[in-house]
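K.L.:
For the record, the sequence lines run as chains A and B. So the mapping is simple: the numbering used here equals the position in the first sequence, first residue as 1, plus 712. So the mapping is simple: the numbering used here equals the position in the second sequence, first residue as 1, plus 1395. Positions of the beta carbon are idealized from the N, C-alpha and C atoms, including for glycine.
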Amino acid sequence: MKRVYSGFMKALSEGKFVFTGEIEPKKTTKLDGIIWAANVLKSHVVACNVTDNPRARAYLSSLVASYVIQKEAGLETICHMTVRDRNRLALISDLLGASALGIRNVLVISGDHTTGGDNPGAMPVYDLDSTQFVQMVRGMVDNGIDLNGNPIDGEVRLHVGVVGNPNADPLEVEICKVERKINAGAEFIQTQIVFDVERAKRFLKDLNSSIPVLVGIFPCKSHRIAEFIANKIPGISVPKDYIEGLRRAEYPGNVSESRNKIDMVNVEYFSNFIKELKKTTKAAGIHIMTMGYESIVGKIADGLLDGTR
Amino acid sequence: MIITKSKPKEVVLRSLEDSKKVFIVGCGTCATLCQTGGEEQVEEMANFLRERSVGKVVVETPCDIRVLKRDLSPHFGIIESADAILALCCGSGAQAISEFTGKIVVPGLDTLFVGETERIGRFYERCRACGDCIIHETAGVCPIVRCAKGLLNGPCGGMANGKCEAGGHTRDCAWVLIYTRLKELGMLKEFMKVRTVRDWSKKAEPQELKTR
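1) Should Arg1021(A) be flagged as near chain B, meaning a C-beta pair shorter than 8 Å?
2) Check whether the region 933-945 of chain A touches the region 916-925 of chain A, taking contact to mean three or more Cβ pairs, one atom from each stretch, closer than 8 Å.
3) Pick out the complete alpha helix (DSSP H) segments inside the region 1509-1567 of chain B, 4 residues or longer, and give them in chain order.
4) Less than 8 Å between the C-beta atoms of Gly1552(B) and Asn877(A), yes or no?
5) Considering only the alpha carbon of each residue, which of Arg769(A), Glu788(A), Gly965(A) lies closest to Ala723(A)?
6) How should Glu980(A) be labelled, buried or exposed, when 16 other C-beta atoms within 10 angstroms of its C-beta is the threshold for buried?
7) In chain order, what residues of the same chain have a beta carbon less than 8 Å from the beta carbon of Val906(A), not counting five sequence neighbours either side?
8) Could you check what DSSP says for Cys1422(B) in three-state terms: helix, strand or coil?
9) Might you give, ordered along the chain, the residues of its own chain that have their beta carbon closer than 8 Å to the beta carbon of Gly1486(B), omitting 5 neighbours on each side?
10) From Lys742(A) to Glu1439(B), what distance separates their C-alpha atoms?
11) Just verifying my parser: in three-state terms, what is the DSSP assignment at Cys888(A)?
12) Any chance you could list the alpha helix (DSSP H) runs of at least 4 consecutive residues sitting entirely within the region 889-922 of chain A, in chain order?
13) Name the chain B residues that come within less than 8 Å of Glu1030(A), Cβ to Cβ?
14) Check whether the region 836-847 of chain A and the region 1569-1579 of chain B touch, using three or more Cβ-Cβ pairs below 8 Å as the test.
15) Quick one: what's got a C-beta closer than 7 Å to Ile1022(A)'s C-beta in the same chain, skipping five residues either side?
16) Assuming contact is defined by CB atoms lying nearer than 8 Å, are Gly1432(B) and Leu1504(B) in contact in what I supplied?
17) Going by the DSSP bridge assignment, what does Leu926(A) pair with across the sheet?
18) Would you kindly check if the distance between the Cβ of Ala898(A) and the Cβ of Asn817(A) is under 8 Å?
19) Provide the residue span of the alpha helix (DSSP H) that contains Gly1486(B), from first to last.
20) Helix, strand or coil: which one does DSSP assign to Lys1451(B)?
21) Is the beta carbon of Phe729(A) less than 8 Å from the beta carbon of Lys952(A)?
22) Using a Cβ cut-off of 8 Å, pull out every chain B residue sitting near Asp744(A), in sequence order please.
23) Please work out which residues of its chain come closer than 8 Å, Cβ to Cβ, to Ser1007(A), disregarding the five sequence neighbours upstream and downstream, and give them in chain order.
24) So with CB distances below 9 Å, who are the chain E contacts of Thr1533(B)?
25) Are the beta-carbon atoms of Ile1419(B) and Leu1481(B) separated by less than 8 Å?
26) Counting only beta-carbon atoms, is Met1582(B) nearer than 8 Å to chain A?
27) When you compare only the Cα positions, how much space is there between Glu1475(B) and Ile1397(B)?
28) Looking at the secondary structure, which residues open and close the alpha helix (DSSP H) in which Thr794(A) lies?
29) Relative to the C-alpha of Phe1518(B), which candidate in Ala1524(B), Pro1457(B), Phe1508(B) has its C-alpha closest?
30) Looking only at C-alpha atoms, which of Val1540(B), Glu1434(B), Leu1583(B), Lys1498(B) sits nearest to Leu1483(B)?
31) Reducing DSSP to helix, strand and coil, say where Ala1441(B) ends up.
32) Select from Lys754(A), Thr763(A), Ser774(A) the residue whose C-alpha is nearest the C-alpha of Ala785(A).
33) Using DSSP with H/G/I as helix, E/B as strand and the rest coil, what is Ile804(A)?
34) Applying a beta-carbon distance threshold of less than 8 Å, which residues of chain A neighbour Tyr1519(B)?
35) Is Ile821(A) closer than 8 Å to Val885(A) when the C-beta atoms are compared?
36) Give me the Cα-Cα distance between Pro832(A) and Arg798(A), rounded to the nearest whole angstrom.
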């Protein structure tokens, strides 16, 4: 039996249905925003993901942000590490640093391509891919060696997770790829955001994962955001009824009434979504992406926390 | 084949700012096929440079020192008097010319990639000369060059509807191509294989091959 280093993995190993949140550090030197967001999230989630240069934008370091969130807000983190920006030397270095600083979970991500980011002239690294990153972490944690077999002084205490995409088309390629990452030694999966519960169910069924899967959701703050995702992000389908519900909830001129109604639409939609997953699948939990809409997390999660899967 | 593209004329002119006498060298192989450094393009460049052009020649393969020596030797006198050589060939050829003549060489082309030709004017990058070919495992599709991230265990999360995120979902995802072809060939076992990290040390220094 593998050792458990984090509260997140402990909850999963005990079979609890867990919620995780997500914080995105920005292009800033200020830390108050991430600490504030962590304080909003912390009573509702077991851990929060901290993004690493999402959409290939150069932002405050995920490792630094993860450390600050854990220290200042007392919320456990799942530190994202993309293989886009660092070669194996830098990744090993960051993993050692993460473990030394008490970060216990990392999520490896290929990373959106540099050409779509805010410094499109950057050289994309991709020295490793996410599967190879998982193998590397396994060597470090299980055998105390780096990628080239060099011994590490001190224990590396980390859990490594990977991403799966229920929206992928063709899905069978995605399923095979995620299986390959599991075979390489991944310990948990967090999925890309999905709105269509049937897609989430199909992904979970086809994958039939031997490791816990947290399904990613993204409650939208407005119908425009939902429409943007539906129209501009290839591959993600957003049900028309949900977008329509958000649209109807928006009252121009009455901000607080509007916010309440939008919250209600999201709570209803995603509560049903989550209940359905709990009833019909082996989903281990839900990963809630918010991007500035942290207040919704408690409203969705608290009503569904019953301590069991 | 080495695929090249002509530099814009104004860029070439800027690079030749200080050169009053220019000798033009074309390439009879790859750049001729790309229509960037053949007889026609060399002639056109000579007309463009007018009196600054003091001579020109299309070398069969300028990247081969032996051929270069053979084809340039009738022009030695005039090359000697030139301020610069304008090379309408790939970077390898341009450096061979520089090395061989000792003159300043101005590149007239940009070297793009090792490619496949569909027809003249349509070329596709198909090999990055990584030094460790594995296309027998990937159904003949090279993931190093055809996956925008060069992943050995793809696809990545940026694939949507079988297309690659880089370039805005217009190009086929290499790993979906690989999967589809492997499936057709009954070789999905190869897809499931975890490919371990590459040894890039071989590519970390300028490479030389000396077999004798």
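P.N.:
Answer, in terms of the structure:
1) Here residue 1021(A) is taken as the residue at index 309 of the first sequence, counted from 1. A caution first: Arg1021(A) carries a pLDDT of 42, below 50, which makes its placement in the model unreliable, though a value can still be read off. So no, Arg1021(A) is outside the interface.
2) no
3) 1538-1541
4) Here residue 1552(B) refers to the residue found at position 157 of the second sequence. Here residue 877(A) refers to the residue found at position 165 of the first sequence. The answer is yes: Cβ separation under 8 Å.
5) Mapped onto the first sequence, residue 723(A) falls at position 11. Closest option to Ala723(A), Cα to Cα, is Glu788(A).
6) What you label residue 980(A) is simply residue 268 of the first sequence in a count that begins at 1. By the 10 Å Cβ count, Glu980(A) comes out exposed.
7) Locating residue 906(A) in the first sequence gives position 194, counting from the first residue. If we look at Val906(A) and ignore the five residues flanking it on each side, its Cβ neighbours are Pro878, Asn879, Ala912, Phe915, Val927, Gly928, Ile929, Ile948.
8) The residue you call residue 1422(B) lines up with position 27 of the second sequence. Cys1422(B) sits in a strand when the DSSP states are folded into three classes.
9) As a first step, residue 1486(B) must be located in the second sequence, where it is residue number 91. The answer, listed in chain order, is Pro1502, Thr1506.
10) If you number the first sequence from 1, residue 742(A) lands on position 30. If you number the second sequence from 1, residue 1439(B) lands on position 44. If you take the alpha carbons of Lys742(A) and Glu1439(B), they lie about 58 Å apart.
11) What you label residue 888(A) is simply residue 176 of the first sequence in a count that begins at 1. For Cys888(A), the three-state secondary structure derived from DSSP is helix.
12) 909-919
13) Beyond the ends of chain A as shown, which are 713 and 1021, falls residue 1030(A); an answer cannot be given.
14) With the cut-off at 8 Å, the region 836-847 of chain A and the region 1569-1579 of chain B do not touch.
15) The structure shown does not extend to residue 1022(A), since chain A is modelled only from 713 through 1021, so no value can be given for it.
16) Start at 1 with the first residue of the second sequence, and residue 1432(B) comes out as number 37. Start at 1 with the first residue of the second sequence, and residue 1504(B) comes out as number 109. In contact: Gly1432(B) and Leu1504(B) (Cβ atoms closer than 8 Å).
17) Counted from its first residue, the first sequence places residue 926(A) at position 214. Note: Leu926(A) sits in a beta bridge opposite Gln902(A), Gly997(A).
18) Looking up residue 817(A) in the first sequence gives position 105. Looking up residue 898(A) in the first sequence gives position 186. Result no, Cβ atoms of Asn817(A) and Ala898(A) do not sit closer than 8 Å.
19) Along the second sequence, read from residue 1 onward, the residue named residue 1486(B) stands at position 91. From DSSP, the alpha helix (DSSP H) with Gly1486(B) extends over 1486-1496.
20) As a working mapping, residue 1451(B) is identified with position 56 in the second sequence. Looking at Lys1451(B) - three-state DSSP - the assignment turns out to be strand.
21) One-based indexing of the first sequence puts residue 729(A) at position 17. One-based indexing of the first sequence puts residue 952(A) at position 240. Cβ atoms of Phe729(A) and Lys952(A): not closer than 8 Å.
22) Along the first sequence, read from residue 1 onward, the residue named residue 744(A) stands at position 32. The premise fails here: Asp744(A) is roughly 31 Å from chain B at the closest Cβ pair, so nothing lies under 8 Å.
23) For the purposes of this step, residue 1007(A) is taken as the residue at position 295 of the first sequence. Once the five neighbours on either side are set aside, the close Cβ partners of Ser1007(A) are Val752, Asp975.
24) Of the protein chains in the structure, A and B, none is chain E.
25) Here residue 1419(B) corresponds to residue number 24 of the second sequence, with the count starting at 1. Here residue 1481(B) corresponds to residue number 86 of the second sequence, with the count starting at 1. Against a cut-off of 8 Å, the Cβ pair of Leu1481(B) and Ile1419(B) comes out as a contact.
26) In the second sequence, residue 1582(B) corresponds to position 187, counting from 1. Chain A, which has no Cβ nearer than 8 Å to the Cβ of Met1582(B), makes this no.
27) Residue mapping note: residue 1475(B) aligns to position 80 of the second sequence, counting from 1. Residue mapping note: residue 1397(B) aligns to position 2 of the second sequence, counting from 1. Rounded to whole angstroms, Glu1475(B) to Ile1397(B) spans 29 Å at the Cα level.
28) Start at 1 with the first residue of the first sequence, and residue 794(A) comes out as number 82. In the DSSP assignment, Thr794(A) falls outside any alpha helix (DSSP H) and lies within the beta strand (DSSP E) extending over 789-794.
29) Counting from 1 along the second sequence, the entry for residue 1518(B) is found at position 123. Nearest option by C-alpha distance: Phe1508(B).
30) For the purposes of this step, residue 1483(B) is taken as the residue at position 88 of the second sequence. Closest by alpha carbon: Glu1434(B).
31) Working through the second sequence from its first residue, we reach residue 1441(B) at position 46. Ala1441(B): helix per DSSP, three-state reduction.
32) Within the first sequence, numbered from 1, the residue matching residue 785(A) stands at position 73. Considering only alpha carbons, the answer is Lys754(A).
33) As a first step, residue 804(A) must be located in the first sequence, where it is residue number 92. Note: Ile804(A) maps to helix in three-state DSSP.
34) Indexing the second sequence from 1 puts residue 1519(B) at position 124. Per Cβ cutoff of 8 Å: no residues; Tyr1519(B) is ~18 Å from chain A at best.
35) Working through the first sequence from its first residue, we reach residue 885(A) at position 173. Working through the first sequence from its first residue, we reach residue 821(A) at position 109. For Val885(A) and Ile821(A), no; Cβs fall outside 8 Å.
36) Here residue 832(A) refers to the residue found at position 120 when the first sequence is read from its first residue. Here residue 798(A) refers to the residue found at position 86 when the first sequence is read from its first residue. Looking at the two C-alpha atoms, the distance is approximately 16 Å.
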